[in-house]
Each structure stands twice: as structure tokens, then as C-alpha cells.
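S.K.: Sequence positions in the sequence shown follow our numbering and run 61 to 877.
Think of the CB as a built atom: it goes at the ideal place given N, C-alpha and C, for glycine as much as any other residue.
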Amino acid sequence: MRKTTIAVLLFLLVTATQAQKVIVNTVGKDPFNGKADEVVYKAKEGEWTFQSYTFPVIKATYRPTGYTRGEQVSDAVIAKPPAINTKVTVATSQTIDWENNTSVVIQRDKLYFKAGKEVRVKSASWFTQGDYNGFRFQLTDQEKFFGGGERALPMDRRGYRFNLYNIAAYGYGLGADNLNFSVPVLLSSAGYALFFDNPSKGYFDIGLTDKAVLEAGFVSGELTFYVVFGKNMDEMLQNYTAITGRQPLPPRWALGNFVSRFGYRSEAQVKEVVGKMKEQKFPMDGLIFDLFWFGDEIKGGLGNLDWTNTTKWPNPKLMLESFRLNNNLKSVLITEPYILRSSKTYTEATPFLATDAAGKPYDFTELYFGNGGLLDVFRKPAQDWIWKFYKKQVSNGVTGWWSDLGEPEKHPIGVMHNLKDYGVNRPMGADEVHNVYGHYWSKMLFEKYKDDYSSVRLFHLNRAGFAGSQRYSVFPWTGDVARNWSGLKSQFPVLLGMSASGMPYVHSDAGGFAMADQADAELYTRWLQFAAFTPVFRPHGTALGDYDKTVKDIPSEPALWDQATRNNVRNYINLRYQLLPYNYSLSYEQSVLGKPLMRPVYYYNFADPEALKADEEYLWGDNLLIAPVTSQGATARMVYLPEGKWYNFYDNSVQNGKQYVNQPADLSRIPVFARAGGFIPVWQADSIKSTESYNSKELGLLYYPSEAASSYVFFDDDGTSTRTLEKADYELITFSAQPQGSSISIEVKTNNEALYKRKQVRKFTLMIPATGGYPNIRVGGKAATAATAKKISLVSGQFIAAEIEFSGKPLRIELVK
């Protein structure tokens, strides 16, 4: 729409029925009420544009006068701001009010963002300094900040300055401030989040230089930030993922156990390891092949993109089919974006490589793996070229993918990228697109799968990306963490920080990856106990004894450790499989509501100061509290229990919340608590070998009695279809508990009675802790059929159990004292 004088424009806006653009000058007294697409405010040195949503999110973009590098190359935000009712008041200060109950107040080129009548963002302004343009925000004294992607720093990132630049850190531990996956979003305890939609090289200074100022600077790109309101993390993440998207449902097998190491060097070796896992009765679902599938050496093979040694890998298709048929193993292959000169595809790949300023393929001479080029993943022809190699392996039976070095690991400033396919008509330098390179790689894989394998849920292990990468079905791992206690400790702030940044399936190389000179069974056990309650369970580490005798050969697979270690670890792997229906329901919560699977103890409440300090424990969903052990030689640890009552998961003893409790934690266990009022469905079978045999029609159901009302939603579908949610081809069973004097009433309802038309029934073994105080179970006013509580790994507490048949009609169960 053309710009006009404010008086004429306001007249048009008041009388027109269609939404308009509102242009606000620095002077004037005319009000505006109506639907607006955006509001433009002309400042002294540039122009602000404001847009809002029907939910409490405000978009703010600043265009400095003369700024020439303002292209938006991020696709992080997919929600479009609608035309919504807007009120603009122009006076000595300008106020913009939206129908979503948010507003911006502009005073002397400073912005104040409000939710309702409360000013949440005290002051925001634009700055330029050296190579950086960006924004400054005034902080309050007690304000805390969370998120920002992968940082091995305290969860409260206030008082730190760190780069927004994806970078590989080999052998890192606690204190590493800049890792593989930067996400420029910060959640404030004051009730708002800030998301900076800019993937260029940048930084956050969160009260380090000036304790009262948050500063975010960027070397290029559109200068846009979003203010996302919410009283707690849950509301902020729901609104943040409403604009950036949520993770599609994972393939259910991805929640199982992976067999993985760096790295298997032949088919015979893989068969030997898988055989030992099977012999030792470890359930397993995934099998990962590191870089030796395309070459015999660590260096020189990147870019081969095919099985090269026909002696070590005589028939890959037959091998992968055998693993699938005989062991239900889904295979995952690693690939990298670098195409080395020594590879078989270099000549063919040359037209698709990133260039130098002269337009010639950039020659990477400092890459550890060898000299060569970098695929220009932003070019559609480059995507089509590499996709044909992926398709060939899919036809061989490959189920998922692992993308490595996607930061990119080496990305000199002189590298140029071509983004004409995305509307940018000039070459863009490495620093301008660095943080979004891995994101576009993930996007390419996701979209190609959607086109060619539309019925397959993509499993993609990746190491680097940007805000919004979760939409592309990524399962990020935290890079080459050290195989020591500092490495283990570092994973709590890394995983929880990523979870608070909208990346729900982050996980680590369980057991640690790098720099160990001896095997440490205690460390390995503690790490895998922790990993059993993370989104992906994938033990992975360096084991190259047959390749390099100077490198300590430490197994990552539990079957290759001593018997005591095997037993301790097996118990937690079995428990993970038994919790599959609970864990898979968490995936539904993420896809629909944006909830992370791992949640800080203060996820719903910033007001508890002790919860804010409890940075080595977390909620696994809403109903389990996990307190891993990270200190060598520990036999106990202190655990903070938040408000409410909590049941010890192992023995059903009950503790009051808002206190610290000292819990025994010998090497066989870590403290785990169940929330009073919580429901936990469990898969109970005599023998679990993989998720392939999962039977959701007969489950156990733990309920922990509470004096407060509670509810839980169990999710079930086929575990594979890509259009489950779109077609509503799933079932939600809601369990609602309501205390009523000396009894508790539990109502069971389904969202899909049609599933029961053929007299299908679900069977639940309802299990109530004997310590809960409700010894009698009734269904329909009659005593329920008593049952034997089936064994749950590590649980010794006694239960009162009853068989419950659910036929789709609302069902009422009573627990009676």
C-alpha cells in the first residue's frame, strides 16, 4: 500500500473494511482503531515495523537508514501475522494496542512491551557498533535468562557473554560456552522470551558488560526480534513454537536403544557386536554406521557417499535386510557436507560447491579430514545432486540418517554461498549464513523425504542447526563431549538449555565420546542411567583398537562391559522400554503443545527459589522427577522435591515437597520420584527385544494417589504414519482423578469411540502403591477383579492391582480407603 499523510491514512483506516498498514510519524494526535496488518513507526535514524498475532507474540523489525545487508535468509518463523484489531494512539508517546492484550509504547526511540497492563520488557533500543547491529534491553535486578541453545553453562545465562556461532568443540566439558547448536532465543523469568530471527554471526551479552543490559548483535541480516509472552516456560514455549513450529511425531522405534560406536569397520564386526547384545538380552532398535561405511580410513573418504570396500561390506543391501529381519534393527548412516578431492564424486560435485569471491570452488585446506570443497546446500541443484546418493541407500534398506560437521565445522570468512533460489540476488559470505547452513541441510532431507517417501517418519541425527530446525524432524546430539565426569556434568545445562530453546529431542553420546585414557565403568553406568530418561538413548564413543593401537579401545555397547556394569545398565534400558507408552505420549505433547520432554524443575513456576537452584535434576514429562548422579564415588545425593507430594519410584515411600531429601544412590540406581496424582502407563511383557513387539492394547497403569485432582492423557497410534495428527488417526485416553472424601474417583474417556465398534477392548492392569492408603478398587460400583502387579524394572514397592477393561464408553473407577 502506498504511503500517504497520516490524517488521510487514518480516515481511510477508520472507514475501510479491509486491513491496512498504519504509518505513525513522530508527531501527531490522531487515534486509530481497526484491523491492521502492521504498524510502521518512523524513527530518527530508521524505521520500526510492528506486527502481532492472535496469541501473545509481537514482531519488531528495525531498518536503519542506509542499511544494505537486511535480507532475511531464515525460515524459522512459519506463522504469518494476521490482520487483527489494533489501536494506535499518537501523542507525546505512541502506543500500539492489539486485541491479543499486548502493546508497544514508544518513547524517544525506546520501546516498552506490555502484556495486559504490565510492562514486561522495560526498554528496548537499537544500536550499531563496529561490524555489529543489534538491540539492547533494560533488565530488572532479579531477572534470570534461560535458553540460547547448547551451552555448558549454568541454566541461568545472566552474567555471561557468548557467541551465536555454531562451532565444534572436541572433548568439551563443564564451562564450554559455545557449542554446535546456537539458538538465539532467551526465556526471561520476568514473563517474556526474546527470539532474534537472524542466523548471521552474532553474540549475546546478558548483563556481563553492563549488569542491567542485555545486548544482542549481528553482522548481517534482517534486524528482527519477537517478544513472546508467557507467565512460565510452558506458556512461552507454547507461543514460541506456535510461530517456529513443533517437532513431528518421531518413529516410535527412535525411543528405543541404539547400537553405535566410532566406528564399525566391517560387516563381520557389526554382526559380532549385535550378536553379543542379543546374547546378553539387551533390547535394541537402531544400528548406526559411522564413517567407515564409505572408506577404510578416517581421512580421505568424505564425499564417497557409497560403500567402498566390497571385502568388508560385500552386500550392504542383504546385510541391512538381515539386521532388520533377524533383529528388528533400523540402520542409520552418517554423511557429511564436505566433498574431498580424494573422493570418487569430487569432479561430479564441483558445480555444486561453495565458491570463493571469484566464483571458483573454495578449496578447504585446513579441514582435518582432507582437502576439498563444501556442498552449497542453499542451491536447489546441489540438493538434488546429493539426494540421489541418499535415495540409493534408502533403496538398500537404510532407515535414518546422521549428518555430521554441519556447523559447518570449517567455514572460513572467504567462502561464498548462492541463495538465489531463496530470493537473494547477491553472493552471501560465510558469516552471514553460517548458523543456518545445518538448518537448510535438515530442511533438504525433510522435504525430499516428504516428496519421495511421504509415508516415512524421518529420523535424522544432526549436530547443528537454527531456530525452527525442530520442524524438520531433527534429533540433535551434543557433539564430541569428553568421556569424563566434567563431560557428564556438562550435559545437564546443555540438554535442558536446548529443551528450553525449542529443540525437544536433544541428547548426548551416552557414556561420553572423546579423550579417555582408561575405561571407567562407574562413569559409564551413571551416564547411561541418566540417558535412560533423555529423548534419545544412544551410547556412543570412540572404540578403534583394531585401527589405531595408540587409542584406548573403550566400548560404547553395554554388552561388552563386565557383568556388574551390564546388569546395572540393563535394568535402566529395560525400564526405558517399559516406559515407552509414557515416553511416546510425551512426543504427542511436544507435537501438539510444544512441550519439551525434559523440563526444568521450575518449568511451571519461577517463584520457587530452591527449584531455580536444582540444576542437576529435572522433570521427565510432568509425572517423573529424575536426579542423576554425577559425582564419582557417590552413594547418595540430595534431591530437591518441588511443591506437592512425591513417591519414591522404587519403593513407593512418600515425601512432602518443597524440601531437600537425602537419597541413597549406590551404583545400581539413581533417585527417581513419581508425582502424587500422576498416571504412568507402562509396557509390561515377559521379554522385550525391540519396539517391534509393542502391544498398546494391554498395558500397566500406575496411579499415585493424591489429595488433589489430576488428569493425564495417554496417546496411541501406529507409531509410523506421517499423517496421524492431520487425519486424527489416533486415540487419546484421558484419565481424570477427583478426590471425594474417603475415595478417589477416576474417570476414563476416549476421544475415539469408533475404534471400539468391533468390540475391541483395552486392558489395563491398574496398579496403586500400597503406601497410597487406598486398598480397595471398584469398577461400576463392584469390586474390581484383583490382579497380580507385573514386575517393573528396579521397582520393589508393593502394589494393589486390578484388571480394568475399557471398551470405549466412559468408565468410572473408585479407589476406596
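I'd like the list of long-range same chain contacts for residue 243, defined as Cβ closer than 6 Å, with 5 residues on each side in sequence excluded.
M.R.: Contacts found: 209, 527 and 561.
S.K.: Along the chain, which unbroken stretches of the alpha helix (DSSP H) at least 4 residues long are found entirely within the segment 497 to 552?
M.R.: For the segment 497 to 552, whole alpha helix (DSSP H) runs of length 4 or above, ordered along the chain, are 497 to 512.
S.K.: Pull up the DSSP beta-bridge partners for residue 798, would you.
M.R.: Per DSSP, 805.
S.K.: Where residue 664 and residue 734 are concerned, what is the direct C-alpha to C-alpha distance, given to the nearest angstrom?
M.R.: Rounded to the nearest angstrom, the two C-alpha atoms are 17 Å apart.
S.K.: In three-state terms, what does DSSP make of residue 44?
M.R.: Given that the chain is displayed from residue 61 to residue 877, the structure contains no residue 44 and the question cannot be resolved.
S.K.: Tell me whether residue 138 is buried or exposed, calling it buried when 16 or more other Cβ atoms sit within 10 Å of its Cβ.
M.R.: Flag for residue 138 reads exposed.
S.K.: Once the 5 residues before and after residue 388 are set aside, which same chain residues still bring their CB inside 6 Å of it?
M.R.: The answer, listed in chain order, is 750 and 752.
S.K.: Where does residue 420 land, buried or exposed, given buried means 16+ other C-beta within 10 angstroms?
M.R.: Exposed, because fewer than 16 other Cβ atoms sit within 10 Å of the Cβ of residue 420.
S.K.: To the nearest angstrom, how far is it from the Cα of residue 714 to the Cα of residue 124?
M.R.: Straight-line Cα distance between these residues: approximately 60 Å.
S.K.: Between residue 296 and the rest of its own chain, which residues show a CB-CB distance below 6 Å, the 5 nearest in sequence each way excluded?
M.R.: Excluding sequence neighbours, residue 296 sits near 247, 253, 288 and 290.
S.K.: Let me know the beta strand (DSSP E) ranges lying completely inside the segment 223 to 260, each 3 residues or longer, listed in chain order.
M.R.: Fully enclosed beta strand (DSSP E) runs of 3 or longer: 242 to 248 and 252 to 256.
S.K.: How long is the line joining the alpha carbons of residue 136 and residue 842, rounded to whole angstroms?
M.R.: If you take the alpha carbons of residue 136 and residue 842, they lie about 55 Å apart.
S.K.: In chain order, which beta strand (DSSP E) runs of at least 3 residues are fully inside the segment 395 to 434?
M.R.: List check, beta strand (DSSP E) in window: 398 to 400 and 432 to 434.
S.K.: Alpha carbon to alpha carbon, how far is residue 802 from residue 859?
M.R.: Looking at the two C-alpha atoms, the distance is approximately 19 Å.
S.K.: Straight-line CA distance for residue 866 to residue 839?
M.R.: C-alpha separation (whole angstroms): 11 Å.
S.K.: Please report the straight-line C-alpha distance between residue 61 and residue 515, rounded to a whole angstrom.
M.R.: Reliability fails at residue 61, whose pLDDT of 32 lies under 50, so the model's placement of it is uncertain and the value that follows must be treated cautiously. One C-alpha to the other measures close to 43 Å.
S.K.: Only counting the same chain, and skipping five residues up and downstream in sequence, which positions put a Cβ closer than 6 Å to that of residue 174?
M.R.: The answer, listed in chain order, is 163.
S.K.: Please go through the same chain and pick out, in chain order, the residues whose beta-carbon is closer than 6 Å to the beta-carbon of residue 313, but skip the five residues on each side of it.
M.R.: These residues qualify, in order along the chain: 345, 390 and 751.
S.K.: Can you look up residue 694 in the DSSP assignment and give me helix, strand or coil?
M.R.: Residue 694: coil per DSSP, three-state reduction.
S.K.: Going by CA-CA distance only, name the one from 483, 362 and 653 that's closest to residue 300.
M.R.: Of 483, 362 and 653, the residue nearest in Cα terms is 653.
S.K.: Going straight from the alpha carbon of residue 222 to that of residue 195, what length do you get?
M.R.: Between residue 222 and residue 195, the C-alpha separation is close to 15 Å.
S.K.: If you run the structure through DSSP and keep just helix, strand and coil, what is residue 585?
M.R.: If DSSP states are grouped into helix, strand and coil, residue 585 belongs with the helices.
S.K.: So, at 8 Å on beta carbons, what are the nonlocal neighbours of residue 870 in its own chain, with the 5 sequence-adjacent residues on each side left out?
M.R.: Cβ within range, chain order: 807, 808 and 809.
S.K.: If we count Cβ pairs, one from each stretch, closer than 8 Å, do we get three or more for the segment 136 to 155 versus the segment 175 to 187?
M.R.: Touching, no.
S.K.: Tell me where the alpha helix (DSSP H) around residue 473 begins and ends.
M.R.: Where residue 473 is concerned, there is no enclosing alpha helix (DSSP H), given that its DSSP letter is neither H nor E.
S.K.: By alpha-carbon positions, which one of 706, 521 and 417 ends up nearest to residue 475?
M.R.: Per the Cα distances, 417.
S.K.: Go through the segment 298 to 346 residue by residue and report every complete run of the alpha helix (DSSP H) that reaches 4 residues or more, in order.
M.R.: Counting only runs of 4 or more, we get 327 to 339.
S.K.: Check for me: the beta strand (DSSP E) holding residue 93 runs from which residue to which?
M.R.: That run of the beta strand (DSSP E) goes 92 to 102.
S.K.: Taking the C-alpha atoms as reference points, what is the distance between residue 294 and residue 79?
M.R.: If you take the alpha carbons of residue 294 and residue 79, they lie about 32 Å apart.
S.K.: So residue 856 and residue 711 are supposed to be a Cβ contact under 8 Å. How far apart are they, rounded?
M.R.: Yes, they are in contact, since the Cβ atoms of residue 856 and residue 711 sit about 6 Å apart, within 8 Å.
S.K.: Please check the pair residue 402 and residue 433, which I expect to be a contact at CB under 8 Å, by giving their CB distance rounded to whole angstroms.
M.R.: Residue 402 to residue 433, Cβ: 12 Å. No contact.
S.K.: Helix or strand or just coil, what does DSSP make of residue 295?
M.R.: Three-state result, residue 295: helix.
S.K.: Rounded to whole angstroms, what's the CA-CA distance from residue 846 to residue 341? Just pull it up for me.
M.R.: Their backbone Cα atoms lie some 31 Å apart in a straight line.
S.K.: If the criterion is Cβ atoms closer than 7 Å, does the pair residue 238 and residue 467 meet it?
M.R.: Their beta carbons are not under 7 Å apart, which means residue 238 does not touch residue 467 by this criterion.
S.K.: Would you check if the distance between the CB atom of residue 438 and the CB atom of residue 477 is smaller than 7 Å?
M.R.: Contact flag set, yes.
S.K.: Three-state secondary structure (DSSP) at residue 849?
M.R.: Coil.
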